[in-house]
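J.: In case it helps, UniProt numbering puts the sequence shown at residues 1 to 124.
Using N, Cα and C, we set each Cβ at its ideal position, and we do this for glycine too.
The structure follows.
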Amino acid sequence: MTTFFDVVAAICMITGSLLALVAAIGQVRMPDLLSRTHPATKPQVLGLSLVLLGVALRLREPEAFGLLALVIIFQLVTSPVASHMIGRAAVRTGNRGEERLVVDELSEDRPQGRADEGDVPDQR
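Right under this line is the structure:
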């Protein structure tokens, strides 16, 4: 017999799967690296969270809730940090697609191809 929680779980899993699909399509369709960081983080994390919420509602076990909550928290913490580090690496190596930038706030502060002070140990 299908319960209310089973229907909500199915809706969460289908919606989360569609968001993960949108994230994958966005990864392929976006033109440059900085644009690809958006679909790599926001819809992917929300999609995974909805799928895991659907799994938790379907299983209805306290142990599963705890484990799935830890996975969601880990994704929410690590995904923005990884996206930020990828963006920083793109800016530092010059792979940011300057032709598509409307405003380049970093070029005034730092010459191209040089690391900021404190990032590279002093070689004296």
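(1) Shortest alpha-carbon distance to Pro43 belongs to which of Ala23, Ser17, Val81?
(2) Helix, strand or coil: how does DSSP classify Pro31 here?
(3) Just to confirm before moving on: does the CB-CB distance between Gly66 and Cys12 stay below 8 Å?
(4) So Ala40 and Ser83 are in contact, right, with Cβ under 8 Å, and what is the actual spacing, rounded?
(5) Check whether the Cβ atoms of Ala9 and Arg58 lie closer than 8 Å to each other.
(6) Assuming the contact rule is C-beta atoms closer than 8 Å, Thr15 and Leu48 should be a hit. Round their C-beta distance to whole Å, please.
(7) With DSSP as the reference, label Glu63 as helix, strand or coil.
(8) Helix, strand or coil: which one does DSSP assign to Gly94?
(9) How should Leu70 be labelled, buried or exposed, when 16 other C-beta atoms within 10 angstroms of its C-beta is the threshold for buried?
(10) Excluding the 5 residues preceding and the 5 following Val7 in the sequence, name in chain order all residues of the same chain whose CB lies nearer than 8 Å to its CB.
T.: Reading from the atomic positions:
(1) As a first step, residue 43 must be located in the sequence shown, where it is residue number 43. Nearest C-alpha to Pro43: Ala23.
(2) The sequence position of residue 31 within the sequence shown is 31, counting from 1. Coil, per DSSP.
(3) Sequence index remark: in the sequence shown, residue 66 carries index 66 (1-based). Sequence index remark: in the sequence shown, residue 12 carries index 12 (1-based). No, these two residues do not count as a Cβ contact at 8 Å.
(4) As a first step, residue 40 must be located in the sequence shown, where it is residue number 40. As a first step, residue 83 must be located in the sequence shown, where it is residue number 83. With a Cβ gap of about 6 Å, Ala40 and Ser83 count as contacting.
(5) Within the sequence shown, the letter at position 9 stands for residue 9. Within the sequence shown, the letter at position 58 stands for residue 58. Cβ atoms of Ala9 and Arg58: closer than 8 Å.
(6) By 1-based counting over the sequence shown, the position of residue 15 is 15. By 1-based counting over the sequence shown, the position of residue 48 is 48. 12 Å between Cβ atoms; not a contact.
(7) Numbered from its first residue, the sequence shown carries residue 63 at position 63. Three-state result, Glu63: helix.
(8) As a working note, residue 94 is residue 94 in the sequence shown. Three-state result, Gly94: coil.
(9) Looking up residue 70 in the sequence shown gives position 70. Exposed.
(10) Position 7 of the sequence shown, counted from the first residue, corresponds to residue 7. Closer than 8 Å at the Cβ level, and outside the excluded window around Val7, lies no residue.
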